[in-house]
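Take the sequence shown: its position 309, counted from the start at 1, is 309 in full-length UniProt numbering, and no numbers get skipped.
Input: a single structure, listed below in structure tokens.
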Amino acid sequence: MDIKNFQYILVPNILRNYKCSSSGECCKSKWRIDIDKASYDKTKLFLEKEKENIDDYMEKSSNGGYVTKFANGYCKLITEDKLCRVHRDFGWDCLSDTCKVYPRILKLTSRGMEMSLVFSCASSAKLLLTEEEFKIIKVKKEDLFFMKPHTVNFMIPENNLPTSPGSRYFELEDFMIKLTNLKGELGLKLEYMYKILQEYYESQEIQKFNFEQKLLEFKKYQRSIVDDDKVNDMIIKIVLEKETAGYKSVANEYINLFKNLKLKKDLKSSSVHFRENSFSFSLEDLRELKQKWNHRYENVLKNYLSCFIFNKEFYNYMHYPMFKMLILAVMLKTKILLSIEYLGRDLTDDELIFVIKTHDNDFSHGSNFFSDFYSSGKYEMSVDEYIKKLLTVLY
């Protein structure tokens, strides 16, 4: 839908200082860079003035739109100093919405324009390392590194049906974010969150549901989900499902990290181990890896999940977004732990940023992986059981 003029943007405080580092990373040939018609037409006019042909830089895509061409691994419109020629020479209004928005997530809601980020960009991923308590703030548009796109395709309307969970959505979101900020293990907070979500979505008196009271009651909440049997197999299943979905390189990275757990300081045994197609990841492996977890990594994961909640994933449903959020959390935690084991030490900030960035790129872009996996039933248990098993990894 068209965007009306707005003065303020709602944004997580930890993301407000995002700024592009002009690394050119998001302009590499590993990405598909879509160009909308408005941007195509404007760029064509500017290039014609320079006696150049836009066909040298863009081509029609299979869906009838346009995509950029690449040379030497980068978009052909990137300069040698990693600056976008369209932005530099023709102005930001000439950019496609894809290039204006990434890595931002924009949503026009009933309380205003909201902005979050995806974390496949190193400049955004590093913001998750902050220790500042997560909260939503209102920022003047001109105080953000922000370029207004032509349209936003997602809207959270007012829901005036008093019996609908969506009628109090923003209160629910506020409760979930406040809960993640409370002291205590993230696993316990997420277990309690799942319990309260179930109560809320099943409530016959939505308008009387007391979120503040539920926050107070968390102080007395005791862990009830302890059965982690075969959760290691569930992690392997997620990796193999990524491979089946066409992301073989993603799966291979995890498989090689799993293999690293069994390596010994012996060339002969290591050579055999790497040549074999089989690999393993036992429950004991997982439990031992979890001993390497610390507050620094827990804080990153907390911030990552708070941003997920802010993205309005829970507006229409409860089970699917919980399913998706926990897979993302479990796989990020697993990748951090496997990376620590591989290096034999704690991760530096740059290494941690790299792990976050690659994880988000592997799991948050370009496919229907989560919805397909959710609807397939390949996890071979009820969604409720699956969610509860995943929760044990986060303790």
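Note that beta-carbon positions come from the ideal geometry of N, C-alpha and C, so glycine has one too.
{"Query": "Integer-rounded CB distance, given that Gly73 should sit under 8 Å from residue 476", "Result": "Only positions 1 to 395 of the chain appear in this structure, which leaves residue 476 out of reach."}
{"Query": "Start and end residues, alpha helix (DSSP H) containing Ile236", "Result": "231–244"}
{"Query": "For Lys214 and Glu205, the rounded distance between their alpha carbons", "Result": "15 Å"}
{"Query": "Helix, strand or coil at Pro149 according to DSSP, with G and I counted as helix", "Result": "coil"}
{"Query": "Between the CA atoms of Val250 and Tyr201 - distance to the nearest angstrom", "Result": "35 Å"}
{"Query": "Buried versus exposed, by CB contacts within 10 Å (16 or more), Val86", "Result": "buried"}
{"Query": "Residue range of the alpha helix (DSSP H) that includes Val355", "Result": "349–364"}
{"Query": "In DSSP terms, what Asp56 is bridged to", "Result": "DSSP, once it has assigned bridges, lists no residue as partnering Asp56."}
{"Query": "Reduced DSSP secondary structure (H/G/I, E/B, other) of Lys312", "Result": "coil"}
{"Query": "Cβ pair Ile387, Met322 closer than 7 Å", "Result": "yes"}
{"Query": "Length at least 4, wholly inside the stretch 153–231: the alpha helix (DSSP H) runs in chain order", "Result": "169–181, 186–202, 211–217"}
{"Query": "DSSP-derived helix/strand/coil call for Cys20", "Result": "coil"}
{"Query": "Same chain, Cβ closer than 8 Å to Tyr102, neighbours up to 5 away in sequence not counted", "Result": "Cys26, Val118, Cys121"}
{"Query": "Identity of the residue in Glu80, Leu179, Val300 nearest Glu132 by Cα", "Result": "Val300"}
{"Query": "3-residue-minimum beta strand (DSSP E) runs that sit fully inside the stretch 93–155, ordered along the chain", "Result": "104–109, 112–117, 136–140"}
{"Query": "Beta-carbon proximity list for Phe6, same chain, < 7 Å, skipping 5 on both sides", "Result": "Gly112, Met113, Lys141"}
{"Query": "Short Cβ contact (7 Å threshold) for Lys69 with Lys60", "Result": "no"}
{"Query": "Whether Leu190 touches Leu337 by CB criterion (7 Å)", "Result": "no"}
{"Query": "Continuous alpha helix (DSSP H) stretch holding Glu390: start and end", "Result": "The amino acid occupying residue 390 in the given sequence is Leu; Glu does not appear at that position. Note, Leu390: alpha helix (DSSP H), 383–391."}
{"Query": "Beta-carbon proximity check, Asp36 vs Ser123, cutoff 7 Å", "Result": "no"}
{"Query": "Rounded Cβ spacing between Ile137 and Arg16 (contact assumed at less than 8 Å)", "Result": "7 Å"}
{"Query": "Residues near Thr79 in its chain [Cβ-Cβ closer than 8 Å; skip 5 each side]", "Result": "Arg85, Arg88"}
{"Query": "Distance, Glu313 Cα to Glu173 Cα", "Result": "10 Å"}
{"Query": "C-alpha distance - Glu241 paired with Phe363, whole-angstrom precision", "Result": "12 Å"}
{"Query": "Enclosing beta strand (DSSP E) for Tyr66 [first to last residue]", "Result": "66–68"}
{"Query": "Spatial distance of Gly91 from Ser116 (CA atoms)", "Result": "24 Å"}
{"Query": "DSSP state of Asp41 mapped onto helix, strand, coil", "Result": "helix"}
{"Query": "Residue closest to Lys302, alpha-carbon to alpha-carbon, out of Tyr317, Phe170, Lys333, Glu284", "Result": "Lys333"}
{"Query": "Option nearest Ile327 by Cα separation, candidates Phe145, Tyr315, Leu305", "Result": "Leu305"}
{"Query": "Cα-Cα separation, Ile340 to Leu347", "Result": "6 Å"}
{"Query": "Cys94 versus Asn294 - alpha carbon distance", "Result": "45 Å"}
{"Query": "Alpha helix (DSSP H) segment containing residue 396, residue limits", "Result": "No answer is possible for residue 396: the residues shown for the chain start at 1 and end at 395."}
{"Query": "DSSP three-state assignment for Leu257, whether helix, strand or coil", "Result": "helix"}
{"Query": "Assigned secondary structure, residue 397 (DSSP; H/G/I helix, E/B strand, else coil)", "Result": "No statement about residue 397 is possible, as the shown extent of the chain runs from 1 to 395 and does not include it."}
{"Query": "Exposure of Asp389, with buried meaning 16 or more beta-carbon neighbours within 10 Å", "Result": "The question names Asp, but residue 389 is Lys in the sequence shown. Result: buried."}
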